[in-house]
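Written out below as structure tokens is the structure these notes cover.
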Amino acid sequence: MCGIIGYVGCEDACPILIQGLKRLEYRGYDSAGIAIQYGSQIQRYRCAGRISQLEKMFDPLTIKGTTGIAHTRWATHGEPTEKNAHPHTDMKGDVYVVHNGIIENFHILKRKLEKKGIEFSSDTDTEIIAHLIAIHFEGDLSEAVRRAISMVEGTFGIAVIHRLVPDQMVIARRGSPIIIGVGDKCHYAASDVAAMVRYTNKVVHLNDNELALITKDEFTLSTLHAKPIHRELETVEWNAEDAELNGFPHYMLKEIYEQPDTIKNATRGRLEPSEGVPKLGGIEPVWKELKECRHMVLVGCGTSYYAGCVGRYVFERLTEIDVEVELASEFRYRKLNFPPNTFVVAISQSGETADTLAAIREARRKGAKLLGIVNVVGSSIARETDAGVYNHAGPEIGVASTKIFTSQLTILTLLALLLGRHQKLSLTEGIEAIKAIRELPDLARKVLAQDNHIQSIAEKYYKYSNWLFLGRGYQYPIAMEGALKLKEISYIHAEGYAAGEMKHGPIALISSEMPVVVLAPGDSMYDKVMNNIQEVKSRKGPVIAIITEGDNRLKDMVDEYIEVPRTLEYLYPILTVIPCQLLAYHCARLLKRDIDKPRNLAKSVTVE
Ligand code: M6R
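Structure, rendered in structure tokens:
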């Protein structure tokens with residue numbers, strides 16, 4: 007979705023902003039723009055399409071100016087055209103604004119301003135902010151922004167510059183992230199640390215209804231009511247290299263290959279083998295209530311939701327807690343009553359997904375306690391939950407979520423094990439679990455070692471236009487996740503189904519034209535899944551099975567197989583999903599898709 011980068015300093019802003027925009031590309035966008043200030047002149051360039059297009063509009067070396075703002079836009083109000091791309095300006099061309107979020111009362115405000123003779127030059131909701139700031143400007147940019155945004159309803163993260171106040175930028179936030187980056191004689195502003203991590207790892211997050219005036223030497227943080235705020239700098243643990251391809255052709259492949267490390271990072275310092283209990287420092291603030299919890303709701307969207315679906319089975323196996331899983335987009339509108347001491351656990355890579363954020367706000371209103379399993383430190387969900395566990399997986403840049411999924415599964419397992427040890431599991435079971443969890447990174451490496459074999463399977467099947475993914479129990483959510491991976495990056499139609507449901511409908515689709523990926527590790531559902539495979543085979547459906555290594559019975563029965571090493575039943579999903587990710591990746595590559603930036607998709611869905 008939309009991305010913001012801003013700079014105030016001593017160096018030319020243009021190359022820094024272009025670099026920042028490139029780091030935001032992964033979020034998904036359809037147009038881009040930049041405004042650079044030199045004294046009392048501001049030059050603006052905008053275009054529909056890619057940043058490479060924008061770069062062709064000017065020679066960065068000739069654009070002077072040490073202050074500027076830039077934006078990648080994902081269209082909501084108005085088509086993705088040059089006139090709708092940010093930065094937007096007022097009629098005189100004094101104020102320049104980039105904005106993430108949605109101004110909900112923009113139609114009413116627009117009508118009022120039009121009556122006063124103000125002409126609009128775009129179809130966007132953002133332009134209203136530029137006009138309002140211009141109307142309120144009397145020499146103090148912070149004050150003008152403050153007065154303008156007090157009139158708007160909706161969400162915003164904005165960065166603003168003004169022709170008459172050089173070397174200043176004002177940023178503000180309500181509902182859409184904006185972060186200050188502190189450099190050497192310069193400051194940055196961005197909606198996402200990825201845009202500035204190359205330049206600084208010292209950041210300050212703005213909370214909702216806060217504003218900052220930024221110059222090269224300092225930043226002044228205050229509330230929207232002008233009450234000063236002091237906030238300590240935070241250090242971002244990602245480095246510039248984490249956001250580079252490092253020799254991989256795509257971020258998605260790089261991130262698939264990072265999984266042995268990211269699984270390990272999810273457990274680092276969190277395993278206590280002798281006592282068979284994980285240690286999760288992040289949940290200490292709520293531990294007293296959490297250990298007594300008997301009702302939990304896991305919420306998320308997309309891949310994070312599927313992680314929750316696996317989590318439910320793991321919690322059922324290891325704890326005495328009743329666990330529900332809900333799509334955040336549905337949960338937020340349901341009429342729910344929570345039993346006392348209910349915990350709602352938000353699962354989110356970005357920590358900024360609008361539906362998940364709205365879901366936890368609704369849960370809070372209904373009296374639930376909130377936990378977060380989040381990758382992006384300091385993100386909205388991390389800040390709005392009572393406690394939580396970070397993934398520490400580094401930036402996930404590929405739109406298709408991969409390494410975060412296995413990291414989320416690992417953390418959910420640690421949480422379930424911790425609670426389970428408190429509720430019903432013996433020391434022996436705890437020790438056995440921790441031993442198996444520690445082996446996971448090596449086992450994931452073994453799955454990755456079959457990449458060439460998986461690629462050869464993709465070569466045989468990538469031209470088929472409909473695929474089915476089947477699984478039971480712990481593997482049912484993996485079937486759904488496998489189908490999601492395939493469809494989102496290859497645009498092949500794929501469905502994930504509970505294998506036991508096949509006879510209730512999908513079996514009508516089976517033919518030699520429909521590859522069926524069956525998740526069939528040696529778990530308690532093995533015999534049932536075997537029956538489903540036979541049903542597919544007797545209708546000439548080609549079966550690609552993901553099996554436990556050495557399972558000769560299945561090897562003889564299916565068309566293709568991919569082996570995963572043996573592990574505990576509730577840990578298999580962490581391994582069986584990896585072949586699904588690689589299959590999707592190779593099919594998409596053979597179909598020449600834009601793997602890291604699939605059409606219509608955004609990395610972080612910050613609007614409903
Ligand atoms: O940042 P989040 O984990 O909250 O994002 C949730 C979904 O938007 C995300 O998982 C999406 O489904 C991915 N594109 C899946 O690969």
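Counting with our numbering, you get residues 7 to 614 for the letters of the sequence shown.
Even glycine gets a Cβ: it sits at the ideal position worked out from N, Cα and C.
Kindly indicate which three-state DSSP category residue 293 falls into: helix, strand or coil? In the structure shown, residue 293 falls within a helical segment according to DSSP collapsed to helix, strand and coil.
Please state whether DSSP places residue 343 in a helix, a strand or coil. In this structure, residue 343 counts as coil in the three-state DSSP scheme.
Quick one: grab the DSSP three-state call for residue 205. Residue 205: coil per DSSP, three-state reduction.
Can residue 264 and residue 409 be called in contact, C-beta distance under 8 Å? Yes, the pair counts as a contact, with Cβ atoms nearer than the cut-off.
By the DSSP assignment, the beta strand (DSSP E) with residue 64 in it spans what residues? No beta strand (DSSP E) holds residue 64; DSSP gives it neither H nor E.
By Cβ distance below 7 Å, which residues in the same chain neighbour residue 80 in space, the five residues on each side in sequence not counted? Excluding positions up to five away in sequence, the list reads 7, 8, 34, 35, 36, 608.
Could you tell me whether the segment 124-144 touches the segment 58-74, where touching means 3 or more Cβ pairs closer than 8 Å? Result no; under three Cβ-Cβ pairs closer than 8 Å.
Kindly provide the ranges of any beta strand (DSSP E) runs that are 3 or more residues long and lie completely inside the segment 246-308, ordered along the chain. Complete beta strand (DSSP E) runs here, min 3: 301-306.
Using CA atoms only, rank isn't needed, just tell me which of 44, 405, 484 is closest to residue 316. The shortest C-alpha separation from residue 316 is found at 484.
Cutting at 8 Å between CB atoms, please list the residues of its own chain near residue 128, excluding the five before and the five after it. Excluding sequence neighbours, residue 128 sits near 84, 89, 90, 94.
Residue from 139, 446, 305 whose Cα sits closest to the Cα of residue 573: From the listed residues 139, 446, 305, the smallest Cα separation to residue 573 is found for 446.
Assuming residue 416 and residue 387 are in contact, meaning their beta carbons sit under 8 Å apart, how far apart are those beta carbons, in whole angstroms? That belief does not hold up - the Cβ atoms of residue 416 and residue 387 are roughly 19 Å apart, past 8 Å.
Is it right to say residue 359 is buried, meaning 16 or more other beta carbons lie within 10 angstroms of its own, or is it exposed? Counting the other CB atoms within 10 Å of its CB gives residue 359 a total of 16 or more, which places it among the buried residues.
What is the DSSP secondary structure of residue 7, reduced to helix, strand or coil? Correct three-state label for residue 7: coil.
If we require 3 or more residues per run, which beta strand (DSSP E) segments fall completely within the segment 545-613? As far as the segment 545-613 is concerned, its whole beta strand (DSSP E) runs of at least 3 residues are 549-554, 566-570.
Which term fits residue 582, buried or exposed, when burial requires 16 or more other beta carbons within 10 angstroms of its beta carbon? Buried, because 16 or more other Cβ atoms sit within 10 Å of the Cβ of residue 582.
Check for me: the alpha helix (DSSP H) holding residue 233 runs from which residue to which? According to the DSSP assignment, residue 233 belongs to no alpha helix (DSSP H), since it is labelled neither H nor E.
When DSSP labels each residue in this structure, what does residue 513 get in the three-state scheme? Residue 513: helix per DSSP, three-state reduction.
Mind checking which residues open and close the alpha helix (DSSP H) that includes residue 106? Taken as a continuous stretch (DSSP letters only), residue 106 belongs to no alpha helix (DSSP H), being part of the beta strand (DSSP E) at 101-106.
Which word fits residue 222, buried or exposed, when buried means at least 16 other C-beta atoms lie within 10 angstroms of its C-beta? Buried.
Beta-bridge pairing of residue 240 - partner residues as DSSP gives them: Assignment of beta-bridge partners to residue 240 by DSSP yields 209.
Flag residue 181 as yes when its Cβ comes closer than 7 Å to any non-hydrogen atom of the ligand SAH, and as no otherwise. This structure does not include the ligand SAH; its bound ligands are the ligand M6R.
Under the DSSP definition of a beta bridge, which residues are partnered with residue 157? Under DSSP, residue 157 shares a beta bridge with no residue.
For the segment 375-445, which segments carrying the alpha helix (DSSP H) assignment without a break, of at least 4 residues, lie completely within its bounds, in sequence order? Here the runs fully enclosed are 386-390, 409-429.
Measuring only the C-alpha atoms, how far is residue 606 from residue 432? One alpha carbon belongs to residue 606, the other to residue 432, and they sit about 49 Å apart.
Quick check on DSSP: helix, strand or coil for residue 321? The answer is helix: DSSP assigns residue 321 an H, G or I state.
Return helix, strand or coil for residue 533, following the three-state DSSP convention. The answer is helix: DSSP assigns residue 533 an H, G or I state.
Since residue 216 is in the beta strand (DSSP E), which residue starts that stretch and which ends it? It spans 216-220 - the beta strand (DSSP E) in which residue 216 sits, taken as one unbroken run.
With residue 461 as the anchor, note down where its beta strand (DSSP E) starts and where it stops. Secondary structure note for residue 461: it is in no beta strand (DSSP E), and the uninterrupted alpha helix (DSSP H) holding it is 457-467.
Considering only heavy atoms of the ligand M6R, does any lie closer than 7 Å to the CB of residue 306? Result yes, Cβ under 7 Å from the ligand M6R.
Taking the alpha carbon of residue 159 as the point to measure from, which residue in 564, 116, 172 has its own alpha carbon closest? Among 564, 116, 172, the Cα nearest to that of residue 159 belongs to 116.
Using only alpha-carbon positions, find the residue among 165, 398, 234, 513 that is nearest to residue 268. For the residues 165, 398, 234, 513, the minimum Cα distance to residue 268 belongs to 398.
Please say whether residue 235 and residue 216 have beta carbons closer to each other than 8 Å? Yes.
As a quick exercise: from 376, 495, 119, 22, pick the residue whose alpha carbon is nearest that of residue 292. Selected option, being the one with the closest Cα: 376.
Among 199, 173, 171, 191, nearest to residue 184 - alpha-carbon criterion: It is 199 whose Cα lies nearest to the Cα of residue 184.
Say yes only if the C-beta of residue 407 is nearer than 7 Å to one or more non-hydrogen atoms of the ligand M6R, and no if none qualify. Residue 407: yes, Cβ under 7 Å from the ligand M6R.
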